[in-house]
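In this note's numbering, the protein residues as written are 4 to 108.
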């Protein structure tokens, strides 16, 4: 007579911890905060809304830091413009990654 092994009973807690850790490593504090606050709203039902939310929040946060840091600088160089363009490009990539991570078709 064969015995059937029962799967370990963790009630999904380990799976949730692993998922949260993965999301944190992928999207950081900002992404995890937005997910925890807005995951049950209509924003997470559409792919483009997730993309816009995460792209705008990333761009807004880092643009604010960029302006705050450069407010103390007296020179206005081309490096600042290049850095600002890089922030905008990275915000688009951040939104695309968040969209792929959270959108459930």
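Each residue gets a CB set at the ideal place from its N, CA and C atoms; glycine is no exception.
Given this structure, state the Cα-to-Cα distance separating residue i from residue j, to the nearest angstrom.
| i | j | result |
| --- | --- | --- |
| residue 62 | residue 99 | 13 Å |
| residue 32 | residue 80 | 31 Å |
| residue 60 | residue 76 | 25 Å |
| residue 87 | residue 45 | 31 Å |
The alpha helix (DSSP H) that contains residue i, what's its start and end?
| i | result |
| --- | --- |
| residue 83 | 81-105 |
Quick one: what's got a C-beta closer than 7 Å to residue i's C-beta in the same chain, skipping five residues either side?
| i | result |
| --- | --- |
| residue 90 | 62, 65, 66 and 69 |
Within its chain, find whatever has a CB closer than 8 Å to the CB of residue i; leave out the 5 residues flanking it on each side and keep chain order.
| i | result |
| --- | --- |
| residue 41 | 47 and 56 |
In this structure, how does DSSP classify residue i when only helix, strand and coil are distinguished?
| i | result |
| --- | --- |
| residue 32 | helix |
| residue 74 | coil |
| residue 40 | helix |
| residue 24 | helix |
| residue 49 | coil |
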